[in-house]
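First comes the structure, then the notes that go with it.
2 protein chains.
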Amino acid sequence: MHLTKEDIQNTEKIKRLNIINSITGIKPANLIGTISNDGKTNLAIFSSVIHLGSNPALIGFILRPDREAGQHTFDNIKENGVYTINHIHESFIEQAHYTSAKFGRDESEFDKCALTEEFIANHKAPFVKESTVKLGMKIVQTIPIELNGTVLIIGEVEHLIIPDTAMDDQGQIDLSEPNDVGISGLNTYYKLEKIAAFPYARPNALPDFSKND
Amino acid sequence: MHLTKEDIQNTEKIKRLNIINSITGIKPANLIGTISNDGKTNLAIFSSVIHLGSNPALIGFILRPDREAGQHTFDNIKENGVYTINHIHESFIEQAHYTSAKFGRDESEFDKCALTEEFIANHKAPFVKESTVKLGMKIVQTIPIELNGTVLIIGEVEHLIIPDTAMDDQGQIDLSEPNDVGISGLNTYYKLEKIAAFPYARPNALPDFSKND
Chain Y
1 MHLTKEDIQN
11 TEKIKRLNII
21 NSITGIKPAN
31 LIGTISNDGK
41 TNLAIFSSVI
51 HLGSNPALIG
61 FILRPDREAG
71 QHTFDNIKEN
81 GVYTINHIHE
91 SFIEQAHYTS
101 AKFGRDESEF
111 DKCALTEEFI
121 ANHKAPFVKE
131 STVKLGMKIV
141 QTIPIELNGT
151 VLIIGEVEHL
161 IIPDTAMDDQ
171 GQIDLSEPND
181 VGISGLNTYY
191 KLEKIAAFPY
201 ARPNALPDFS
211 KND
Chain V
214 MHLTKEDIQN
224 TEKIKRLNII
234 NSITGIKPAN
244 LIGTISNDGK
254 TNLAIFSSVI
264 HLGSNPALIG
274 FILRPDREAG
284 QHTFDNIKEN
294 GVYTINHIHE
304 SFIEQAHYTS
314 AKFGRDESEF
324 DKCALTEEFI
334 ANHKAPFVKE
344 STVKLGMKIV
354 QTIPIELNGT
364 VLIIGEVEHL
374 IIPDTAMDDQ
384 GQIDLSEPND
394 VGISGLNTYY
404 KLEKIAAFPY
414 ARPNALPDFS
424 KND
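Taken in order, these protein sequences are the chains called Y and V. Using our numbering, the first residue of the first sequence is number 1, and each one after it goes up by one. Using our numbering, the first residue of the second sequence is number 214, and each one after it goes up by one.
Right, dumping it as structure tokens:
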């Protein structure tokens, strides 16, 4: 199948949404936790978390301020500058998925979706107790993407909580150990199976690819 | 394990690179193909491709202009405005990984890593023939991220090429059908197994999560 830009524009809206949300490949599955200054917590699923750099440790995510989940998350981050990023594991994907429902501002997705708030010293935003890999984040920059009204939120990692067994002594994290999942499109979840690890690639140490000919 | 911002800053450089490149969860595995105006092709692996919006169909990726792969890709895109995004499948992950080696500007990663250039009408940039899901992209905006010298490249989808069998009539793409892979960190590859799909989440149609208590 070959779809051109015009074909895509002429595709029915929901189908186009499904296609374009799927074509970048697998996406990370994270829950972002926030709290308003009057103590109301919010939890929302995001598949747009992205590595930006490791020194300083910067992570971004794309937020749509015109959608309910984006609005509540954005308002809370603007109020106090902090949020959490919590990996989604196989044991609670259905609960995580339903955080995307349009709940009212007075309803917490933690409560509605049977996930547990967890607080640590020196970080105001709620973590997800059921998540075993999680980050406490502090916002450092907001970049509006005017083309479509989205916003790139950039934060610095203030806290990293991870099971000792998930990280080796080189700092490599095995995502299959905590049963992390990935997302395709808006509603499809994938289990991850580690199949290969290669050394740092050097031009003078290439494998012999001629065997593939 | 609980690492604070200070612990992360004090971690040895390579270990920190591994940790921070892994903590966002699974990342998509794509090869970005470009060509200079004098006809030299370039191919580089990127794990930072991200969905930005479906109408218009916008996709971003993070590029480091200070690294060889980023520099060659960026220079070519600036010359003619087009590039391709090609999914990496299980059959050629090692070849794809080695496109990250620092080859000279006159060496094409297609040649060095035994991948095949493929050209289509009305798109100047080279696709990867071995890839079965691929996008022809046209740049629409470049957003510098001054915090760490990276750049968010935003492009519009001009061509989408995908096997008929990988997409259902709702536009949902099954990533396991073309044997797509995901990346963790800088060098670890994961196979994807579809385990769940849920309906669009509505607050008045929540599953009964009390059974989880």
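Where is the CB? At the ideal position from N, CA and C, for every residue including glycine.
Uninterrupted beta strand (DSSP E) stretches at least 3 residues long and entirely within the segment 52-118 of chain Y occur at 57-63 and 82-87, given in chain order. In the structure shown, I26/Y falls within a coil segment according to DSSP collapsed to helix, strand and coil. The C-beta of S261/V comes closer than 8 angstroms to at least one C-beta of chain Y.
Looking only at G395/V, Q383/V and N392/V, the smallest Cα-Cα distance to N187/Y is reached by Q383/V. Legend: CB atoms of the segment 353-375 of chain V lying less than 9 angstroms from CB atoms of chain Y belong to residues V353, Q354, I356, I358, E359, L360, N361, G362, T363, L365, I367, E369, V370, E371, H372, L373, I374 and I375.
Annotated as proximal: L388/V and S184/Y, with beta-carbon spacing under 8 angstroms.
Chain V places no beta carbon closer than 8 angstroms to that of T132/Y, leaving this residue out of the contacts.
The beta carbons of A166/Y and S100/Y sit about 26 angstroms from each other, so the pair does not count as a contact at 8 angstroms.
Residue environment for T297/V: buried (at least 16 other C-beta atoms within 10 angstroms of its C-beta).
Here H2/Y is exposed: its Cβ has fewer than 16 other Cβ atoms, across all protein chains shown, within 10 Å. Going by DSSP, I367/V is part of the beta strand (DSSP E) stretching over T363 to I374.
For E193/Y, the enclosing beta strand (DSSP E) covers residues T188 to A197.
Note that the segment 8-25 of chain Y touches the segment 264-274 of chain V; at least 3 beta-carbon pairs, one per stretch, sit closer than 8 angstroms.
Under the DSSP assignment, K337/V falls in the beta strand (DSSP E) whose first and last residues are H336 to V341. Around the beta-carbon of R415/V, fewer than 16 other beta-carbon atoms lie within 10 Å, marking it exposed. Across the set G283/V, D279/V, T247/V and G238/V, the C-alpha of T247/V shows the shortest separation from the C-alpha of H336/V.
Each of A418/V, I275/V, S249/V and I263/V was checked against the Cα of G362/V, and the nearest Cα belongs to I275/V.
When Cβ pairs closer than 8 angstroms are counted between the two stretches, the segment 287-296 of chain V is seen not to touch the segment 225-234 of chain V, the count staying below three.
Between the alpha carbons of G70/Y and R318/V lies a distance of about 42 angstroms.
Of all alpha-carbon atoms in T4/Y, G60/Y and G182/Y, the one lying nearest the alpha-carbon of K404/V is that of G182/Y.
The beta carbon of P357/V lies closer than 6 angstroms to those of V364 in the same chain, with the five residues before and after it left out. For M167/Y, the chain V residues whose Cβ falls inside 9 angstroms of its Cβ are M214, N231, I232 and S235, in order along the chain. Sequence-ordered contacts of the segment 314-340 of chain V with chain Y read A314, K315, F316, K325, C326 and A327 [C-beta pairs closer than 7 angstroms].
Secondary structure note for Q141/Y: its beta strand (DSSP E) is the uninterrupted segment K134 to I145. Sequence-distant Cβ neighbours of A125/Y in its own chain, meaning closer than 6 angstroms and more than five residues away, are G33, T34, I35, V82, Y83 and T84.
In the structure shown, the three-state DSSP call for D393/V is strand.
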